[in-house]
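Worksheet for the structure shown next.
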Amino acid sequence: MAEARERRPSFVRRAPLREGLVDLDGPRIAEAMEELRSRGKATLHDRMHRVRTAAGLAVQAGLAAGLAYVVSHRLLKNPQPVFAPISAVGTLAASVGQRFRRTVELIIGVAVGVGVGDFLVYLLGTGAWQLGLVVTAAILLTIFAGASVAIVIQAAATAVLIVTLSPSTANLEIPRFVDAAIGGGIALLVTAILLPLNPLRVINRAARPALDLLAQQLDGCAEALRKRDRQAAQQALFRLRENKDELAALAEAIEGAKETATISPARWHRRSELTHYAEAADPIDRAMRNSGTLIRRSVTMIEDEEPIPEPMPDAISHLAESVRLLRHEFAAGQEPQKARERSLRAVSEAGRAYGEGVGFSGSVVIAQVRTAASDLLVASGVDQEEANRLVRQAFGEKEQRTGETTEQSPAPKPPTAPPVG
0 MAEARERRPS FVRRAPLREG LVDLDGPRIA EAMEELRSRG KATLHDRMHR VRTAAGLAVQ
60 AGLAAGLAYV VSHRLLKNPQ PVFAPISAVG TLAASVGQRF RRTVELIIGV AVGVGVGDFL
120 VYLLGTGAWQ LGLVVTAAIL LTIFAGASVA IVIQAAATAV LIVTLSPSTA NLEIPRFVDA
180 AIGGGIALLV TAILLPLNPL RVINRAARPA LDLLAQQLDG CAEALRKRDR QAAQQALFRL
240 RENKDELAAL AEAIEGAKET ATISPARWHR RSELTHYAEA ADPIDRAMRN SGTLIRRSVT
300 MIEDEEPIPE PMPDAISHLA ESVRLLRHEF AAGQEPQKAR ERSLRAVSEA GRAYGEGVGF
360 SGSVVIAQVR TAASDLLVAS GVDQEEANRL VRQAFGEKEQ RTGETTEQSP APKPPTAPPV
420 G
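Reminder that position 230 of the sequence shown reads as 229 in numbering that gives the first Met the number 0, one-by-one numbering, no gaps.
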């Protein structure tokens with residue numbers, strides 16, 4: 000019986016003394032509590048960042064709703080100015096970068112809903128089955144016409160209002176249509192003239208989470224390689240794969256900023272800067288995806304116990320620092336020279352690591368460092384062909400110097416360099 004107890008796994012055995020349990024569990028409990036506190040701080044920080052990011056839109060929506068109410072109620076003498084504020088808020092709540100289109104869709108959807116609703120109510124009267132038929136007809140008609148989802152929703156919602164409110168509210172159709180136009184127009188007025196947001200500030204706030212996420216996970220990968228910690232590298236990979244929200248927010252912010260710079264006279268002087276940001280979105284997305292491949296292959300390197308030359312983690316750390324510098328220099332409105340220099344330093348260190356000898360997965364990691372560095376150079380404003388040339392130059396010069404040292408030392412050196420993606 001004693002032998003059977005000894006053969007049981009350690010986590011099944013009972014500690015002979017309560018003090019032993021405390022000694023074993025204490026550090027793990029403390030670690031778990033510290034992780035919970037860190038997560039709580041991170042969650043609060045993320046929520047405050049979202050509040051700051053949405054504050055401008057919230058103020059715009061409040062101003063637009065108030066103005067729409069005043070115009071509809073005071074100027075047009077509408078006793079129940081409900082639809083104008085709703086239309087204003089609905090326009091501003093649409094995806095930024097599409098507000099002008101949203102206003103047009105709002106008006107078209109209301110017109111379709113009013114037409115279908117009035118016609119069928121005149122023929123069939125009102126009631127539950129009539130409501131269902133009107134909504135179905137409005138949706139099918141707009142879909143048949145090839146309308147967008149926004150128009151379909153507006154047509155269906157307006158049809159519901161016509162059927163349910165017509166018996167108690169006379170002459171609802173024209174005020175509903177006018178209110179839709181007023182609400183959408185005032186939303187555009189607030190966005191373009193009265194309270195235009197600073198487009199560069201909007202983009203900087205949206206870019207920070209995406210770029211910080213990339214830099215943090217690259218740092219985590221570099222540290223995991225230094226310690227050969229597979230779990231840490233895997234966690235960095237999982238976290239980087241959760242970047243869809245950050246990238247979507249950045250893309251949406253760029254579209255919104257471009258719209259603001261187009262329709263707002265006060266922001267016309269920002270057009271050239273916004274063009275640069277817009278051109279940076281795609282290479283940043285590519286850098287994210289290439290970094291994901293880099294981290295995934297790093298996990299495999301650790302699992303397969305491949306050689307990890309000392310310069311390899313340094314190369315990835317330089318790549319992470321390049322991402323941070325790119326964000327800081329973008330936010331300051333500076334030419335991102337430091338970010339470019341750090342990207343090329345990452346390539347140079349990758350060349351040293353390649354010269355010292357790597358396995359199959361290691362060669363893929365080196366190639367991805369080069370490719371991600373090229374992406375970051377393009378994001379900083381360098382032409383793609385020039386970026387590839389600079390990467391080859393930085394890698395080749397370092398490789399040549401490493402070759403000179405390896406002639407004195409028999410360290411293995413692969414015959415060719417991995418290509419720039």
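Using N, Cα and C, we set each Cβ at its ideal position, and we do this for glycine too.
Helix, strand or coil at Pro282 according to DSSP, with G and I counted as helix
Within the sequence shown, numbered from 1, the residue matching residue 282 stands at position 283. Pro282: helix per DSSP, three-state reduction.
Is the separation between the beta-carbon of Ser321 and that of Arg341 shorter than 8 Å?
Indexing the sequence shown from 1 puts residue 321 at position 322. Indexing the sequence shown from 1 puts residue 341 at position 342. Their beta carbons are under 8 Å apart, which means Ser321 touches Arg341 by this criterion.
How far does the alpha helix (DSSP H) with Asp374 in it reach, from first residue to last?
Mapped onto the sequence shown, residue 374 falls at position 375. First-last of the alpha helix (DSSP H) with Asp374: 359-378.
DSSP state of Asp218, grouped into three classes?
Residue 218 sits at position 219 when you count from the first residue of the sequence shown. In the three-state reduction of the DSSP assignment, Asp218 falls in the helix class.
List in chain order: all unbroken alpha helix (DSSP H) runs of 4+ residues lying wholly within the region 110-168.
Qualifying alpha helix (DSSP H) stretches, in chain order: 127-143, 148-164.
With three or more C-beta pairs closer than 8 Å as the rule, is the region 322-333 touching the region 229-245?
Cβ pair count under 8 Å is below three, so no.
Does the pairing of the region 147-167 with the region 57-77 give three or more beta-carbon distances under 8 Å?
Because the criterion of three Cβ pairs below 8 Å is not met, the region 147-167 and the region 57-77 do not touch.
Tell me, to the nearest whole angstrom, how far the beta carbon of Ser86 is from that of Asn77; I am working on the premise that it is less than 8 Å.
The count along the sequence shown starts at 1 and reaches residue 86 at position 87. The count along the sequence shown starts at 1 and reaches residue 77 at position 78. The distance from the Cβ of Ser86 to that of Asn77 is about 13 Å, inconsistent with a contact at the 8 Å cut-off.
Starting from the Cα of Leu91, find the closest Cα among Ala60, Ile106, Val103 and give me that residue.
Within the sequence shown, the letter at position 92 stands for residue 91. In this structure, Ala60 is the residue among Ala60, Ile106, Val103 with its C-alpha nearest to the C-alpha of Leu91.
Among Asp281, Ala209, Ala191, Ile315, the one whose alpha carbon lies nearest that of Ile294
The count along the sequence shown starts at 1 and reaches residue 294 at position 295. For Ile294, the nearest C-alpha among the options comes from Ile315.
Just checking my contact of Ala425 with Leu375 at CB under 8 Å: how many whole Å lie between their CB atoms?
Because the chain in this structure spans residues 0 to 420, residue 425 falls outside the shown range and cannot be described.
Residues in its own chain within less than 7 Å of Val109 by CB, not counting five upstream and five downstream?
By one-based count along the sequence shown, residue 109 stands at place 110. Closer than 7 Å at Cβ, skipping near neighbours: Gln153, Thr157, Arg175, Phe176, Ala179.
Could you check what DSSP says for Asn242 in three-state terms: helix, strand or coil?
For this step, residue 242 is matched to residue 243 along the sequence shown. DSSP places Asn242 in coil when its eight states are reduced to three.
Secondary structure of Asn203, DSSP reduced to three states
Along the sequence shown, one-based indexing puts residue 203 at 204. Residue state, collapsed to three classes: helix.
Helix, strand or coil at Gln383 [DSSP, three-state]
Here residue 383 refers to the residue found at position 384 of the sequence shown. DSSP places Gln383 within a helical segment (H, G or I) once states are collapsed to three.
Rounded to whole angstroms, what's the CA-CA distance from Val151 to Leu119? Just pull it up for me.
The count along the sequence shown starts at 1 and reaches residue 151 at position 152. The count along the sequence shown starts at 1 and reaches residue 119 at position 120. Computed Cα separation, rounded: 17 Å.
Since Val133 contacts Gly116 with CB under 8 Å, what's their CB separation in whole angstroms?
Position 134 of the sequence shown holds residue 133. Position 117 of the sequence shown holds residue 116. About 5 Å; that satisfies the 8 Å criterion.
Taking only the alpha-carbon atoms, compute the straight-line gap between Val189 and Lys226 and give it to the nearest angstrom.
Counted from its first residue, the sequence shown places residue 189 at position 190. Counted from its first residue, the sequence shown places residue 226 at position 227. In this structure, the CA atom of Val189 is about 54 Å from the CA atom of Lys226.
Tell me whether Val148 is buried or exposed, calling it buried when 16 or more other Cβ atoms sit within 10 Å of its Cβ.
Looking up residue 148 in the sequence shown gives position 149. Under this definition Val148 is an exposed residue.
Among Gly332, Arg207, Leu217, Ile138, which has the Cα closest to the Cα of Ala345?
Along the sequence shown, read from residue 1 onward, the residue named residue 345 stands at position 346. For the residues Gly332, Arg207, Leu217, Ile138, the minimum Cα distance to Ala345 belongs to Leu217.
For the putative contact between Val381 and Met300, defined by C-beta atoms under 8 Å, what is the C-beta separation to the nearest angstrom?
The sequence position of residue 381 within the sequence shown is 382, counting from 1. The sequence position of residue 300 within the sequence shown is 301, counting from 1. Contact between Val381 and Met300 does not hold, since their C-beta atoms are separated by about 30 Å, which reaches or exceeds 8 Å.
Can you give the Cα-Cα distance for Val425 and Leu318, rounded to whole angstroms?
Any property of residue 425 remains undetermined from this structure, which presents the chain solely from 0 to 420.
Report the rounded CA-to-CA distance for Gly131 versus Val159, giving the unit in angstroms.
Sequence index remark: in the sequence shown, residue 131 carries index 132 (1-based). Sequence index remark: in the sequence shown, residue 159 carries index 160 (1-based). When rounded, the separation of the alpha-carbon atoms in Gly131 and Val159 is 9 Å.
Mark Arg13 as exposed unless 16 or more other C-beta atoms lie within 10 angstroms of its C-beta, in which case mark it buried.
Numbered from its first residue, the sequence shown carries residue 13 at position 14. Legend: pLDDT at Arg13 = 44, less than 50; position of this residue unreliable, value from coordinates given subsequently. Here Arg13 is exposed: its Cβ has fewer than 16 other Cβ atoms, across all protein chains shown, within 10 Å.
Complete runs of the alpha helix (DSSP H) confined to the region 277-349 [at least 4 residues]:
Listed in chain order, they are 310-330.
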